[in-house]
Amino acid sequence: MSLLSVQNLAVFYGPSQALFDVSLSVEAGEAVALMGRNGMGKTTTIKAVCGLVPLADGTVRFAGRDIARLPAHKAARLGLGLVPEGRRCFPNLTVEENLLAAARPGAWDLARVSALFPRLAERRAQMAATLSGGEQQMLAIARALMTNPRLLILDEATEGLAPVVRREIWAVIARLRQETGLAILLVDKSLAELRQVADRAVILQKGRDVWSGRFDALDTATSERLIGV
Ligand code: ATP
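For the sequence shown, numbering that gives the first Met the number 0 begins at 0 and goes up steadily by one.
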């Protein structure tokens, strides 16, 4: 049984259909990359999984439970740890307060998250609003880990960040994979980095899953055609 199993999703925004028959799965311990050009439906797929947009059709099963029509906070409680696009944190809380507000019992606590993100530990008493973009992204990932998720979902975790900060974030994701085997669903456009950390890719085009498989089966012509790299 897959940890996450999404089948035949259809999502509309008003009269316009954003997803058509999208299916994907993530096994326990696996990292899956969700890819595609701008506007192809990646964020909508993530939102559909997390209960943040209504489904017109399809099923979402997580850890054996049907979560398709579950509100987002209940899906989160079952172990979906979402790091949304735009890295939302509470700007007027300190780093530590942001982390503690997200905490749920489990192996991830303040000490473990601080070891993974020493920069956040140094800034624990600072308001989140005063952090750099990269530090806010780290805080958003750290907050998701504090919920002790069974599946971490990262939507464009490196978007808009300087190359040196992007490398830091990718290094953290790689460490999470190596040291914990946490299941991860990643949306990103950097094929080179995704290849290093993800086991498989699912590619969306115009709201449909048009390719899925292991990265070694993704040839240059296909990636140029579907992702533009
Ligand atoms: P990007 O890489 O640019 O973030 P994406 O692959 O994540 O893109 P989505 O954000 O899921 O794509 O968008 C899929 C389609 O749905 C696009 O055509 C987009 O314009 C449309 N869309 C997304 N959000 C809304 C919304 N709130 N209302 C109406 N249309 C929307």
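Positions of the beta carbon are idealized from the N, C-alpha and C atoms, including for glycine.
- Per DSSP, reduced to three states, the secondary structure at residue 116 is coil, with no helix or strand assignment.
- Residue 222: not part of any beta strand (DSSP E); member of the alpha helix (DSSP H) spanning 219-225, first to last residue.
- Inter-residue distance for residue 220 and residue 120 is about 44 Å (C-alpha atoms, whole angstroms).
- Residue range 207-213 is occupied by the beta strand (DSSP E) that includes residue 210.
- Pairwise C-beta distances place the segment 169-184 in contact with the segment 194-202, as three or more of them are shorter than 8 Å.
- Following the DSSP letters along the chain, one finds residue 34 in no alpha helix (DSSP H) but inside the beta strand (DSSP E) bounded by residues 30-34.
- With a 10 Å radius around the Cβ and a threshold of 16 neighbouring Cβ atoms, residue 187 comes out buried.
- In the DSSP secondary-structure assignment, residue 126 is bridged to 93.
- Placement of the Cβ of residue 34 at a distance of 6 Å or more from every heavy atom of ligand 1 is found.
- Separation of residue 211 and residue 165 (C-alpha to C-alpha, rounded to the nearest whole angstrom) is 25 Å.
- Residue 58 has 6 as its beta-bridge partners, per DSSP.
- Check the Cα spacing between residue 12 and each of 95, 85, 206: the tightest is with 206.
- Within the chosen limit of 6 Å, ligand 1 reaches the beta carbon of residue 39 through at least one heavy atom.
- Between the segment 140-153 and the segment 67-87 there are three or more C-beta pairs closer than 8 Å, enough to call the two in contact.
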